[in-house]
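My numbering puts the sequence shown at residues 289 to 533.
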Amino acid sequence: MIYHRAFGLFEILVCVVIISIIGILGAKSLLYIYKKYEIEKTQYYKTISHKNALLQLKKILDSAYLESLYIKDDKIVFYEKIQERQYYKDSMLPCLINVFNPESIKLASNLSLEFLTLRSGFMPNCNVYNESLEVIFVGESFIFPNDFYSNKFRAKVISLTHKNLTSTMPPFLQNREKIKPYLYFIKDKTEILLQDSLKLVRNKEEYTILDKYDSFNIRRLDFGYVVELCVDEVCFSDVLHSEVL
Numbered sequence: 289m290i291y292h293r294a295f296g297l298f299e300i301l302v303c304v305v306i307i308s309i310i311g312i313l314g315a316k317s318l319l320y321i322y323k324k325y326e327i328e329k330t331q332y333y334k335t336i337s338h339k340n341a342l343l344q345l346k347k348i349l350d351s352a353y354l355e356s357l358y359i360k361d362d363k364i365v366f367y368e369k370i371q372e373r374q375y376y377k378d379s380m381l382p383c384l385i386n387v388f389n390p391e392s393i394k395l396a397s398n399l400s401l402e403f404l405t406l407r408s409g410f411m412p413n414c415n416v417y418n419e420s421l422e423v424i425f426v427g428e429s430f431i432f433p434n435d436f437y438s439n440k441f442r443a444k445v446i447s448l449t450h451k452n453l454t455s456t457m458p459p460f461l462q463n464r465e466k467i468k469p470y471l472y473f474i475k476d477k478t479e480i481l482l483q484d485s486l487k488l489v490r491n492k493e494e495y496t497i498l499d500k501y502d503s504f505n506i507r508r509l510d511f512g513y514v515v516e517l518c519v520d521e522v523c524f525s526d527v528l529h530s531e532v533l
């Protein structure tokens with residue numbers, strides 16, 4: 289007679305228990321790995337979102353006259369650069385130059401001056417600004433950034449091309465104060481609100497940059513500013529370089 293050995297009931301139960309234990313441990317491990325992945329993915333997207341917010345803030349401030357940057361209470365105030373641009377061969381040049389020839393200044397009922405040319409023989413086909421622009425002149429007593437927001441050095445643009453400017457008379461010239469050979473074209477001031485959320489206020493309209501954040505700081509250095517954004521106890525920073533006139 290030939291006997292065939294088969295699994296007994298006890299052995300089958302032991303196998304089932306072992307497989308069940310392995311299944312439970314495996315499921316816990318997979319659940320842990322999945323939860324860790326979800327946390328890391330959420331953190332990654334948050335990091336990208338916060339870095340993008342910082343880059344957006346940097347881009348906004350890169351377009352600002354850093355000399356006009358004014359931090360007060362829960363907001364940052366500044367004027368954005370106004371320079372219409374013209375393509376010339378492989379270069380993009382500004383039509384509105386903020387450096388002028390001081391010998392060209394003529395004072396009568398109004399003030400007129402001529403801008404320095406970018407290149408000999410270069411005549412950009414720039415449009416005349418028809419919008420309501422103002423101009424900030426810089427005198428010897430000019431204090432940055434405070435005098436950007438006073439009327440002492442401010443004038444209204446009457447006519448403007450890439451070659452010359454005519455404006456009303458800025459009050460500081462009544463005291464025969466000397467004028468420095470550069471100016472700033474301005475429109476409405478721009479604000480970044482530092483409240484529960486970071487918001488940009490431009491042309492009387494609000495844009496949310498970031499809903500929640502811990503802090504946003506600007507620190508001045510010799511060569512510009514360091515901007516720092518902190519969210520969820522993680523900080524990101526970047527540098528704004530000042531222009532040399």
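Even glycine gets a Cβ: it sits at the ideal position worked out from N, Cα and C.
Judged by beta-carbon spacing, residue 430 lies beyond the 8 Å limit of residue 458, meaning their Cβ atoms are not closer than that value.
In the three-state reduction of the DSSP assignment, residue 526 falls in the strand class.
Collapsing the DSSP output to three states places residue 340 in a helix. Within the region 480-517, no alpha helix (DSSP H) run of at least 4 residues lies entirely inside it. In the three-state reduction of the DSSP assignment, residue 346 falls in the helix class, which pools H, G and I.
Measuring C-alpha to C-alpha distances from residue 527 to each of 460, 345, 321, 301 identifies 345 as the nearest. Around the beta-carbon of residue 425, 16 or more other beta-carbon atoms lie within 10 Å, marking it buried.
The count of Cβ pairs closer than 8 Å, one atom from the region 333-342 and one from the region 466-473, stays below three, leaving the stretches out of contact.
Collapsing the DSSP output to three states places residue 446 in a strand.
In terms of CA proximity to residue 445, 475 leads the group 475, 351, 517. Between the alpha carbons of residue 507 and residue 450 lies a gap of roughly 35 Å.
Between residue 473 and residue 389, the CB-CB gap reaches or exceeds 8 Å. In the DSSP assignment, residue 454 falls within the unbroken beta strand (DSSP E) covering 452-455.
DSSP, reduced to helix, strand and coil, places residue 366 within a strand of the structure shown. The residue among 464, 393, 494, 359 with its C-alpha nearest the C-alpha of residue 428 is 464.
Under DSSP, residue 352 forms a beta bridge with 368. In this structure, DSSP gives residue 335 a helical state, which the three-state scheme calls helix. Residue 428: not part of any beta strand (DSSP E); DSSP gives it neither H nor E.
Sequence-distant partners of residue 359 (beyond 5 residues in either direction) whose C-beta falls short of 7 Å from its own C-beta, in its chain, are 506. DSSP lists 387 as the bridge partner or partners of residue 470.
Under the DSSP assignment, residue 360 falls in the beta strand (DSSP E) whose first and last residues are 358-360. Here residue 400 is near residue 454, since their CB atoms are less than 8 Å apart. Inclusion of residue 482 and residue 362 in the CB contact set at 8 Å is warranted, their separation being smaller than that value. Taking residue 423 as reference, the option from 307, 448, 497, 525 with the minimal CA-CA separation is 448.
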